[in-house]
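**Q** After the C-alpha cells below, expect a handful of questions from me.
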Amino acid sequence: MIGPDIAGIAGQLVAAADRGTAIGQLAAETGLDVDAAYAVQAELVRRRLDRGEQLVGLKMGLTSKAKMAQVGVDEVIWGRLTDRMRVADGGTISIGDFIHPRVEPEVAFLLDRQPEPGEPVAEFATAVRAVAPAIELIDSRYANFTFSLPDVIADNTSAGAFVVGPWCPVPDGLDNLGVLLEIDGQVTQVGSTAAILGDPRRAFDEGVRLAGQRGVRLRAGWVFLAGAATAAVALRPGAHVRAVVEKLGAASLRAA
Ligand code: OOG
Ligand code: MG
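Residue numbers are given in UniProt numbering: position 246 of the sequence shown equals residue 246, and the series is strictly consecutive.
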C-alpha cells in the first residue's frame, strides 16, 4: 500500500507559511493518520533546520479544556520550537508575517538537563531549572483555523512565535496560579494553571513521554511551553499583549 506523501504534505505546509496564505485541510484527502502526521511535522521542521534554524524547544498543545473546546480537538499534542520563532520579551512582531495569528498565555520551563522518558515522575524537579510567564503566537496554516487532529500535528501544532518573560526559580506550587491575557490593558482571558492538565508539571511529564515515544529527547537549555490555560485571542495590528501569571510576572509583545 502506498502511504501518504509525507514530503509533499510538508512542502505544502512550509509553502503556506512562507507565502502567508492558508490552505485547505490535508489529512482526510491524503489518508494522514497521527503517526504519519508526526512524520510530516518532523520533515517540515527538518526543512526549517536546513535553512539554518536551530531547535530550541518543545511545545505542548491542547493541554487545557478551554483550548480543546476552542478548536474542537481533544487530544494532547506536541510540536517543535525553533530559534526563528523566538521574540524578545517586549518585542514587536509583524502581523504581515502570519496568516491569522492568535495569542495565548503560557507557562514556560527551562531545561537544566536531558530528562529520561519513562523516568519516575520526580523527574520534573531535577530536569527543570526555571519557570517563566510566556506568550505563544499560534497561526494555523489551515483556512479558518479549522483542522482535524492529524492536520494540526502535521502543521507543527500551529506554532508561529513565542515570547518568554523573565525566568524565575520554580515556586513550591505551580498548580493553581492565576493566568490573565491582556490586550491593550484590558483583560480578555482569565484562567488558572490548574487548567493545564491539573498542573503544568504534568504537561512536562506528558511532553517528555509523548516526544520520547517518537524518539525525541528534550535537551538541556531547551524551552518547554506547557500549553495555554485559556482560549487564544486574535491578534490585531497595533495590539499590546501581556500574559500575566501569578507569582511569575508577565511577558509582553507588540503587534505592528
Ligand atoms: C493548536 C495549538 C494548541 C496550546 O497551547 O494549546 C496550543 C491550536 O490551537 O491551533 O498551542
Ligand atoms: Mg500554545
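Built from N, CA and C at the ideal position, the CB exists for glycine as well.
Nearest by alpha-carbon distance to LEU137: which of ARG236, LEU26 and ARG214 is it?
**A** When only C-alpha atoms are compared, the closest one is ARG236.
**Q** Could you pull the start and end residues of the beta strand (DSSP E) that LEU225 belongs to?
**A** Here the beta strand (DSSP E) through LEU225 covers 223-225.
**Q** Does the pairing of the segment 54-72 with the segment 81-95 give three or more beta-carbon distances under 8 Å?
**A** Cβ pair count under 8 Å is three or more, so yes.
**Q** Is it right to say THR63 is buried, meaning 16 or more other beta carbons lie within 10 angstroms of its own, or is it exposed?
**A** When all chains shown are included, THR63 counts as buried.
**Q** Pull the bridge partners of PHE109 from the DSSP assignment, please.
**A** According to DSSP, PHE109 bridges with VAL131 and PHE224.
**Q** For ligand 1, I want to know if LYS65 counts as a neighbour, meaning its beta carbon is within less than 6 Å of at least one of the ligand's heavy atoms.
**A** False, no ligand heavy atom lies under 6 Å from that Cβ.
**Q** Going straight from the alpha carbon of ARG102 to that of ARG113, what length do you get?
**A** If you take the alpha carbons of ARG102 and ARG113, they lie about 31 Å apart.
**Q** Have a look at LEU197, ARG219, ALA15 and VAL107 and flag the residue whose alpha-carbon is nearest the alpha-carbon of GLU246.
**A** Ranking the options by Cα distance to GLU246, first place goes to VAL107.
**Q** What I want to know is whether the C-beta of ALA228 ends up closer than 6 Å to one or more non-hydrogen atoms of ligand 2.
**A** Because some heavy atom of ligand 2 lies under 6 Å away, the Cβ of ALA228 counts as near it: yes.
**Q** Measuring CB to CB, does TYR38 end up less than 7 Å from ARG214?
**A** Yes. Within cutoff.
**Q** Starting from the N-terminal side, write out each stretch of the beta strand (DSSP E) that is 3 residues or longer and does not extend beyond the segment 135-178.
**A** As far as the segment 135-178 is concerned, its whole beta strand (DSSP E) runs of at least 3 residues are 159-164.
**Q** Beta carbon of LEU32, beta carbon of ALA10: below 7 Å?
**A** Going by C-beta atoms, LEU32 is not nearer than 7 Å to ALA10.
**Q** Compare the C-alpha of THR188 against each of ARG254, ASP199 and VAL244 and name the closest.
**A** When only C-alpha atoms are compared, the closest one is VAL244.
**Q** Is GLN186 buried or exposed, if buried means 16 or more other CB atoms sit within 10 Å of its CB?
**A** So GLN186 counts as exposed.
**Q** Quick one: give me the first and last residue of the beta strand (DSSP E) that GLY57 is part of.
**A** Residues 55-61.
**Q** Thinking C-beta only, is ILE135 closer than 7 Å to ALA251?
**A** A contact, by the Cβ cut-off of 7 Å.
**Q** Is GLN25 closer than 7 Å to ASP151 when the C-beta atoms are compared?
**A** Yes, Cβ-Cβ distance for ASP151 and GLN25 is below 7 Å.
**Q** Assuming contact is defined by CB atoms lying nearer than 7 Å, are ASP139 and LEU13 in contact in what I supplied?
**A** For ASP139 and LEU13, no; Cβs fall outside 7 Å.
**Q** Counting only runs that start and end within the segment 17-55, where is the alpha helix (DSSP H) found for 4 or more residues in a row?
**A** Within the segment 17-55, the complete alpha helix (DSSP H) runs of at least 4 residues are 27-30 and 34-50.
**Q** Can you have a look at ASP74 and say buried or exposed, based on whether 16 or more other CB atoms are within 10 angstroms of its CB?
**A** Exposed, by the Cβ-count rule.
**Q** Pull up the distance between the alpha-carbon of PHE124 and that of ALA132, whole angstroms please.
**A** Each residue's alpha carbon lies about 15 Å from the other.
**Q** How long is the line joining the alpha carbons of ALA16 and ASP172, rounded to whole angstroms?
**A** Looking at the two C-alpha atoms, the distance is approximately 43 Å.
**Q** Using the C-alpha atoms, what's the distance from GLY249 back to SER94?
**A** Cα to Cα, the separation comes out at about 25 Å.
**Q** List in chain order: all unbroken beta strand (DSSP E) runs of 3+ residues lying wholly within the segment 76-106.
**A** Whole beta strand (DSSP E) segments, 3+ residues: 77-82 and 91-93.
**Q** CB GLY61 to CB THR157, shorter than 7 Å?
**A** Yes.
**Q** Note down, in chain order, each residue of its chain lying with its Cβ closer than 6 Å to the Cβ of ASN144, except the 5 sequence neighbours on either side.
**A** Nothing meets the Cβ criterion.
**Q** Looking at the unbroken beta strand (DSSP E) that takes in GLY191, where does it start and where does it end?
**A** Looking at the DSSP string, the run of the beta strand (DSSP E) that includes GLY191 is 186-192.
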